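Comments concern the structure below.
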Amino acid sequence: MSSSPRDVEDMIFSVGGERIDPPTLVPAKLILDLSGEAVRQRLCTFSDGEGGECSLRPDMTVPIAALVAQGSRALARYVYSGTVWRLPRPGSGEAPEFSQVGFEWFAGGGPEEDAEAFCLAMSAAYAGGERSSSVRIGDVAVFASLLESLSLSQAWRARLLRSFARGGAREALAPQAPPSALATALAGLTAEQAKHAVEEIFAIAGTASTGQRSAADIAGRLRERAADPGPSAQAAAAIGEYLSIECPADEASEALAGFARSHGVTLGQALSDFTRRQEAISRRGPPFWPTARFSARDGWRFEYYDGFVFELAAPETPDRPSVAGGRYDGLVGRLSGQAVVSQAIGAAVRLDRLEAGALS
Amino acid sequence: MTRLRLAIPSKGRLKEQTETYFAGAGFRLEQIGGARGYAARLEGLPDIEVILLSASEIAAALMSGDIHIGVTGEDLLHETASDLDAVIHLLAPLGFGRARLVVAAPRSWIDVDTMADVEDVAARMEAATGRRLRVATKYVRSTRRFFSASGVSSYRIVESAGATEGAPAAGAAELIVDITTTGATLEGNGLKILKDGLILSSQAQLAASLRADWTSEALLGLKALLEGMDARAAGRALQTVRFSPKLDPVALGLDVEVVGPGEALCARGKAHDLARRLAEAGGGPVRILETEFVYRVLNERFERFVARRRL
Numbered sequence: 002m003s004s005s006p007r008d009v010e011d012m013i014f015s016v017g018g019e020r021i022d023p024p025t026l027v028p029a030k031l032i033l034d035l036s037g038e039a040v041r042q043r044l045c046t047f048s049d050g051e052g053g054e055c056s057l058r059p060d061m062t063v064p065i066a067a068l069v070a071q072g073s074r075a076l077a078r079y080v081y082s083g084t085v086w087r088l089p090r091p092g093s094g095e096a097p098e099f100s101q102v103g104f105e106w107f108a109g110g111g112p113e114e115d116a117e118a119f120c121l122a123m124s125a126a127y128a129g130g131e132r133s134s135s136v137r138i139g140d141v142a143v144f145a146s147l148l149e150s151l152s153l154s155q156a157w158r159a160r161l162l163r164s165f166a167r168g169g170a171r172e173a174l175a176p177q178a179p180p181s182a183l184a185t186a187l188a189g190l191t192a193e194q195a196k197h198a199v200e201e202i203f204a205i206a207g208t209a210s211t212g213q214r215s216a217a218d219i220a221g222r223l224r225e226r227a228a229d230p231g232p233s234a235q236a237a238a239a240i241g242e243y244l245s246i247e248c249p250a251d252e253a254s255e256a257l258a259g260f261a262r263s264h265g266v267t268l269g270q271a272l273s274d275f276t277r278r279q280e281a282i283s284r285r286g287p288p289f290w291p292t293a294r295f296s297a298r299d300g301w302r303f304e305y306y307d308g309f310v311f312e313l314a315a316p317e318t319p320d321r322p323s324v325a326g327g328r329y330d331g332l333v334g335r336l337s338g339q340a341v342v343s344q345a346i347g348a349a350v351r352l353d354r355l356e357a358g359a360l361s
Numbered sequence: 256m257t258r259l260r261l262a263i264p265s266k267g268r269l270k271e272q273t274e275t276y277f278a279g280a281g282f283r284l285e286q287i288g289g290a291r292g293y294a295a296r297l298e299g300l301p302d303i304e305v306i307l308l309s310a311s312e313i314a315a316a317l318m319s320g321d322i323h324i325g326v327t328g329e330d331l332l333h334e335t336a337s338d339l340d341a342v343i344h345l346l347a348p349l350g351f352g353r354a355r356l357v358v359a360a361p362r363s364w365i366d367v368d369t370m371a372d373v374e375d376v377a378a379r380m381e382a383a384t385g386r387r388l389r390v391a392t393k394y395v396r397s398t399r400r401f402f403s404a405s406g407v408s409s410y411r412i413v414e415s416a417g418a419t420e421g422a423p424a425a426g427a428a429e430l431i432v433d434i435t436t437t438g439a440t441l442e443g444n445g446l447k448i449l450k451d452g453l454i455l456s457s458q459a460q461l462a463a464s465l466r467a468d469w470t471s472e473a474l475l476g477l478k479a480l481l482e483g484m485d486a487r488a489a490g491r492a493l494q495t496v497r498f499s500p501k502l503d504p505v506a507l508g509l510d511v512e513v514v515g516p517g518e519a520l521c522a523r524g525k526a527h528d529l530a531r532r533l534a535e536a537g538g539g540p541v542r543i544l545e546t547e548f549v550y551r552v553l554n555e556r557f558e559r560f561v562a563r564r565r566l
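As you go down the protein sequences, you meet chains A and B in turn. Counting from 2, one number per residue, gives the positions in the first sequence under the working numbering. Counting from 256, one number per residue, gives the positions in the second sequence under the working numbering.
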């Protein structure tokens, strides 16, 4: 019996959830605000005729999460099957328009749900004919938890999380230039005095304050930087070593626990959730799991992922996954200005990337 | 398009410098239909079709393969192509039209010197106001590539049609990405270049399109042009020294290229020393002559281009 894209749909729809078909057009700003200018070269955008900019949806997660954030849709489980548009990278030979089948679940949460979502996505890919691909899993929450347990300033923690999301955590750890003499001097003043000092400098230099930042802003940042030496050598080494952890998935819990012991850090709730999730997945025994690998690397597919993440891809094209999914507990709150808050997880199967035989 | 089609800038300083450059190589430009005509020919190279376009149109025409070769700025080539090397072969840097594409911030941002500072300030600005840092530029692609490579993602591009350097003072953007030669215009607008904010050091290039239809006739035209350019450059770098044909400078251990009895080529600057030694050895009277063109059998630039096209 041959498998087909229909089988992917049947598998995902069978588990339940309301069918949802979010608008094809989304405000470009919605996507750009979440993912930054860099994604613009992948977006199919056009002017809406009133000075605004529209985009054909580049995925389903953001438009669906936006509906939930607006309160137009309830916090529930949704499934979808539809077209999305992304301009391919030059030379990739991929089409700018392709079909995705997937699900987005709201109002759940926890490692059991992670396992359920993962297994559904893997079973769907298998139903679609995928056989020789391999899975890579990761967990953004474990990295966040590592940062919590190292003694870092709030500013540094935020900076490292941002760099982890876009895939530049190692670069962000590069040694910092020592604070300038001025910054050191300002650090010895009160905030008010520092602000006046900066205003005086502007007056002497004949510099107009431009660029939407006040003297108080600038003085504040200089003071903060002088007072904040950045990660210690041990902290930087621990982070660097963490990012290199890569092992079979069934050894990951032990590898993380061993890492925590040897660096004297506590990964706390994130690690116990990780372990419970691993057990739950093993219990369910989904396809592709026996060869799954864990990677602590940075730069997962979407910057809004903040927990468990996974990808299924052919070994020769690891950057073109046929399945990508993950937890994004912060996204709905971010889109709604915290008016609606919900844990959430989702995954999408890219039908055009399933093994060639599956599409016959 | 069987003949070689060459596009050169149609206006401004870049046009003048291109004309001077080709004239220096012995190919004077004649515009067909007077100074406002958009077709031209190069004296001495009748088989080359010359058209005049704006520098950015030349970059676009090279990408599409509508012209074989063109003179334009590297900054525009990088801006037009996402993968320059796949489409364009740079034949010769021309030594003029020099400019730097840079990131500049308000001088009042005394806490900001590097792209890492920009990343930090952008994130703070977004957290405090919900608004993204704005970058005004005409160089949208180059900006995106550079900011992404520098790890800055939290910003928005404001496309600017002209006078980009005024955007921060006007409140339309916080940063700019623009070309500068001396930095004076930036300074005059209260801006400073970031320490690691150099995106590209650019100059005018003679560039070839790998997408154009390279007939054998077009290749011959390119060969003739490059040979002429290189012959002129070699001529400028060398002087001819004439002396008594009875003398063999190589036997005297002198570092020269003998081209025949009593005649050698010598690097400019070394000619006088050589002449003195030849005269002392009895080869006088020794004469130093200017050399206008030196043609050689193989043109390296042309061979490199041919090899590149075979890949």
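Heads up, the beta-carbon is just placed ideally off N, CA and C, and yes, glycines get one too. What you are looking at is a predicted structure, and each value in this text was computed from that prediction instead of being measured.
Taking Cβ positions, are residue i and residue j nearer each other than 8 Å?
i	j	result
B/P348	B/Q460	yes
A/A220	A/A195	yes
B/T257	B/A473	yes
A/V9	A/G129	yes
B/L261	B/F282	no
A/Q213	B/E414	no
B/R396	B/S309	no
B/D330	B/L356	yes
Indicate the three-state DSSP secondary structure (helix, strand or coil) for residue i in the structure shown.
i	result
A/Q155	helix
A/K196	helix
A/A314	strand
A/S73	coil
B/V367	coil
A/Y233	Tyr is not the amino acid found at residue 233 of chain A; the sequence shown has Ser there. Here A/S233 sits in coil by DSSP.
A/G139	strand
B/H333	helix
B/K450	strand
B/F402	helix
B/I322	coil
B/F351	coil
A/G334	helix
B/F560	helix
B/L455	strand
A/M2	Reliability of the predicted coordinates at A/M2 is poor, the pLDDT of 47 falling under 50, and no value is obtained from them.
A/E51	coil
B/R260	strand
Apart from the five residues on each side of it in sequence, which residues of its chain come closer than 6 Å, Cβ to Cβ, to residue i?
i	result
A/L88	R43, P97
A/L352	P6, S100
A/A182	none
B/G320	S464, R466, A467
B/A534	V541
A/S296	R137, G139, E247
Which same chain residues, not among the five before or five after residue i, have their C-beta less than 7 Å away from its C-beta?
i	result
B/G421	N444
B/V367	A360, V373, V376
A/T25	L57, R58
A/D49	C55
A/A217	K196
A/S154	D229
Can you tell which of the options has the C-alpha that lies nearest to the C-alpha of residue i?
i	options	result
A/E304	A/A198, A/G169, A/V9, A/G83	A/G169
A/R226	A/T267, A/A184, A/A192	A/A184
A/R163	B/G279, B/E381, B/R396, B/T398	B/E381
B/A519	B/G537, B/A536, B/S499	B/S499
A/R222	A/P176, A/E201, A/A192, A/A250	A/A192
B/L544	B/A562, B/R491, B/P504	B/R491
B/I287	B/H527, B/L388, B/E304	B/E304
B/D485	B/K450, B/V342, B/H323, B/R556	B/R556
Quick one: give me the first and last residue of the alpha helix (DSSP H) that residue i is part of.
i	result
A/E280	269-285
B/P423	422-425
A/G103	Unbroken run through A/G103 is the beta strand (DSSP E), 98-107; no alpha helix (DSSP H).
A/A319	The sequence given here places Pro at residue 319 of chain A; Ala does not occur at that position. Run containing A/P319: none; DSSP gives neither H nor E here.
Considering residue i, what are the terminal residues of the beta strand (DSSP E) in which it resides?
i	result
B/Q494	493-497
A/D218	Not the beta strand (DSSP E): A/D218 falls in the alpha helix (DSSP H), residues 216-228.
B/S464	459-464
B/L308	300-308
A/S56	54-57
With a CB to CB cut of under 8 Å and the five nearest residues on each side skipped, what residues in its chain are close to residue i?
i	result
B/G299	G281, F282, R283, G483
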